[in-house]
Amino acid sequence: MPVSRSDAAVDPAHLPLSSLPGVGARVAEKLAARGLLTLQDLWMQLPRRYEDRTSITPIRTLQPGVAAQVEGRVEAVERGFRYRPMLRVAVGDDSQSTLVLRFFHFRAAQVAQFQPGARIRCYGTPRAGQHGLEIVHPSYRLLDDEDAGALGERLDPVYPAIEGIGPATLRKLIGQALDKLPDDEALELLPQPLRASLKLPSLKQALLTAHRPPRDADLAALSAGTHPAQQRLALEELLAHHLSLRRQRIALQQQRAAALKNGDTLAQRLREGLPFALTGAQQRVFGQIRADLAKPVPMLRLVQGDVGSGKTVVAAMAALLAIEAGKQAALMAPTELLAEQHLVNLRGWLEPLGVRVAWLAGKVTGKARASAMNAVANGEAQVVVGTHALMQEHVVFHDLALAIVDEQHRFGVHQRLALRDKGAGGDAVPHQLVMTATPIPRTLAMAAYADLDVSAIDELPPGRTPIQTVVLSAERRPELIERIRAACAEGRQAYWVCTLIDDSDEVVAQAAQSTYENLSASLPELRIGLVHGRMKANDKQATMRAFKDGAIDLLVATTVIEVGVDVPNASLMIVENAERLGLAQLHQLRGRVGRGSAASSCVLLYQSPLSMMAKQRLETMRQTNDGFVIAEKDLELRGPGELLGVRQTGLAAFRVADLARDAALLPRVREIADALLSESPDVADRIVQRWVGGAARYAAA
Ligand code: ADP
Ligand code: MG
């Protein structure tokens with residue numbers, strides 16, 4: 012919703028930065044490069060840290076690592092050129108101690124300033140040097156003897172650097188922008204009773220405190236981002252994003268979808284034919300999906316279920332609901348390997364019920380492709396399985412009613428929406444079912460997926476024994492050969508997974524190839540297979556099938572097997588260079604074993620030395636098999652951006668909030684959003700407009 016001219020005239024928030032004195036085209040351009048276009052953008056550009064120049068610290072009480080301001084007189088100056096130019100200035104104060112200021116870059120004019128006896132005030136972080144404490148490149152200023160040397164009234168903000176704009180200029184510009192803040196009432200959007208109950212400052216107060224904290228402000232809280240002023244801003248920003256997602260959801264619900272309520276006879280027939288009984292969790296989630304699909308409103312449901320929890324069969328039953336209603340379903344997976352597995356499963360389950368399943372992946376070409384596309388377009392194919400090839404523009408569906416996306420974390424929101432747009436003509440859009448095995452911590456899901464309903468298959472099929480995980484140094488590799496020999500002698504199968512820092516397909520493929528050769532030499536009695544990303548798709552699939560059929564004992568693979576591969580007889584997995592993989596990936600990989608009733612184990616081999624982070628990851632893997640626990644740990648170690656695939660979710664766009672730090676605010680955010688949407692939708696609009704602005708990108712996507 013563009014702001015009209017007259018609005019802009021009264022609302023300084025949207026004034027361009029060129030309206031500030033000193034901002035010409037060049038500066039405006041530098042600011043714009045960082046997304047700073049309006050006064051409001053500068054208001055929201057918070058300091059990265061603060062410096063306390065409100066007092067003077069005696070040199071005697073300085074501590075290494077603790078920033079402080081010092082005042083004294085120059086005692087001695089020494090210039091050196093030994094390895095590179097260097098300037099050392101000794102400063103003494105009334106506490107009878109000396110501090111060394113050390114410069115590596117300096118101008119002659121600077122040297123001339125440091126006359127013995129000159130009065131100097133400086134700020135920086137001392138460290139232990141050769142001759143007591145020293146500060147490298149302090150900020151400093153010389154005072155003449157008449158100068159009373161007034162101290163700072165407030166903590167000094169230090170802003171994130173912007174290329175081409177000096178820190179002093181930036182501080183000045185932000186100060187000027189702040190001077191144009193409207194009064195409290197004009198600025199505030201949160202209703203007063205709400206603010207009172209939150210016990211947080213007004214927006215104006217919060218901004219002023221965050222930019223210009225008074226000298227007695229809690230510096231520790233400010234540095235940690237937990238000061239009430241910062242929390243107030245984070246809350247409003249999180250609220251804005253949440254509201255924006257909720258509004259997209261509301262918009263989606265205004266659309267129509269086919270109500271799939273011809274019954275679930277086919278689904279029940281599939282279920283009765285299965286060699287196992289559905290778990291309680293699978294039944295519950297299927298029930299939720301069935302209820303959604305019966306409504307003439309598009310479903311948008313995320314099914315979270317740990318690896319091996321049995322999501323595929325639930326998806327197949329959902330597809331049958333569409334088919335029974337005379338419509339089509341599509342299942343999209345992120346890799347060909349995974350898509351092919353789904354194809355095999357779905358054909359096995361659905362063809363006996365008389366359902367025709369088509370296959371569309373990048374490698375399907377020529378006549379096969381034309382005939383698949385044709386079957387999809389004329390409705391002969393009731394289910395189509397494939398990769399993102401499904402979303403290409405020229406793929407036309409006869410009557411797509413349900414789009415299922417597996418392993419959603421690998422797809423972007425845009426891809427998801429593209430499949431949605433594949434709805435049959437008319438105004439109906441397909442229902443969407445999104446499945447992920449990478450559980451997202453509850454709080455994060457709330458923020459990232461406020462536009463989705465979430466179901467959890469939180470129960471594993473019975474009879475699985477937990478996977479034993481051991482972490483070993485790569486030096487113990489020889490022992491593993493015996494372990495593989497023993498497992499295979501018992502009729503079990505094993506994976507050996509190769510990873511490398513340089514994960515260019517080619518280098519990893521070479522490493523896998525040589526591992527394959529070494530293992531073949533050490534284990535001549537075993538049938539060993541190899542899969543990696545550089546192989547032809549056909550060869551890859553032939554090997555996978557041979558492994559699944561038990562014709563291969565040991566599969567040497569790259570992380571191409573990360574998702575979806577399902578060979579219940581495999582009970583041993585060895586991951587080389589496990590320290591290089593993230594938690595989510597390790598968890599996915601490990602999920603390839605422990606799918607049958609045999610006790611399984613996973614050996615994580617690492618190369619010393621281990622970084623702190625790597626050590627913690629491996630320790631987490633050793634301690635737990637629970638995907639949700641692992642996801643929480645992952646969030647703690649990596650932060651939310653990495654976890655969700657930042658660009659996909661738009662969560663990187665936060666200016667103030669930090670999901671890991673501010674997760675505790677999210678339940679409140681949700682409550683407030685509920686209240687605003689029902690009582691003051693206009694306020695909700697303005698909050699979204701302020702923080703998310705015209706960037707309601709996904710709605711338009
Ligand atoms: P994921 O949730 O990781 O996608 P899959 O759908 O691949 O899991 O299922 C893992 C394995 O468990 C498959 O072999 C599947 O046939 C089997 N399975 C699914 N549900 C059950 C169940 N209720 N009881 C026993 N085995 C099941
Ligand atoms: Mg799966």
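Those letters in the sequence shown? Residues 12 to 712, by this note's numbering. From the three backbone atoms N, C-alpha and C, an ideal C-beta is built for every residue, glycine too.
Counted within 10 angstroms of its Cβ, other Cβ atoms place residue i as buried (16 or more) or exposed
i, result
"residue 320", "buried"
"residue 550", "exposed"
"residue 376", "exposed"
"residue 244", "buried"
"residue 85", "buried"
"residue 638", "buried"
"residue 499", "buried"
"residue 559", "buried"
"residue 94", "exposed"
"residue 224", "buried"
"residue 476", "exposed"
"residue 352", "buried"
Beta carbon of residue i nearer than 8 angstroms to that of residue j
i, j, result
"residue 61", "residue 218", "no"
"residue 205", "residue 312", "no"
"residue 263", "residue 333", "no"
"residue 282", "residue 271", "no"
"residue 238", "residue 229", "yes"
"residue 104", "residue 83", "yes"
"residue 446", "residue 416", "yes"
"residue 394", "residue 340", "yes"
"residue 156", "residue 130", "yes"
"residue 605", "residue 495", "no"
"residue 399", "residue 304", "no"
"residue 555", "residue 505", "no"
"residue 214", "residue 233", "no"
"residue 67", "residue 77", "no"
"residue 293", "residue 563", "no"
"residue 308", "residue 268", "yes"
"residue 338", "residue 410", "yes"
Collapsed DSSP secondary structure at residue i in the structure displayed
i, result
"residue 359", "helix"
"residue 92", "coil"
"residue 442", "strand"
"residue 403", "coil"
"residue 468", "strand"
"residue 162", "coil"
"residue 145", "strand"
"residue 185", "helix"
"residue 667", "coil"
"residue 111", "strand"
"residue 418", "coil"
"residue 698", "helix"
"residue 393", "coil"
"residue 27", "strand"
"residue 118", "coil"
"residue 180", "helix"
"residue 413", "strand"
Unbroken beta strand (DSSP E) run spanning residue i, endpoints
i, result
"residue 154", "150-154"
"residue 99", "97-103"
"residue 70", "Where residue 70 is concerned, there is no enclosing beta strand (DSSP E), given that its DSSP letter is neither H nor E."
"residue 368", "368-371"
"residue 168", "167-169"
"residue 130", "130-135"
"residue 226", "Taken as a continuous stretch (DSSP letters only), residue 226 belongs to no beta strand (DSSP E), as it is neither H nor E."
"residue 566", "565-568"
"residue 139", "138-140"
Opening and closing residue of the alpha helix (DSSP H) in which residue i lies
i, result
"residue 52", "50-54"
"residue 687", "677-690"
"residue 377", "377-389"
"residue 42", "36-44"
"residue 62", "Where residue 62 is concerned, there is no enclosing alpha helix (DSSP H), although the beta strand (DSSP E) it sits in stretches over 60-62."
"residue 618", "Taken as a continuous stretch (DSSP letters only), residue 618 belongs to no alpha helix (DSSP H), as it is neither H nor E."
"residue 635", "Unbroken run through residue 635: none, as it is neither H nor E."
Inset, instruction - Could you name each continuous beta strand (DSSP E) segment of 3 residues or more that falls completely within the region 576-616, going from the start of the chain to the end? - result: 581-586
Legend entry - 3 or more residues per run - each beta strand (DSSP E) lying fully within the region 234-316: 311-316
Inset, instruction - Please go through the region 476-561 and give each complete alpha helix (DSSP H) segment of 4 or more residues, from N-terminal end onward. - result: 488-500, 516-533 and 548-559
Legend entry - Minimum length 4: unbroken alpha helix (DSSP H) runs contained in the region 318-361: 322-335 and 347-361
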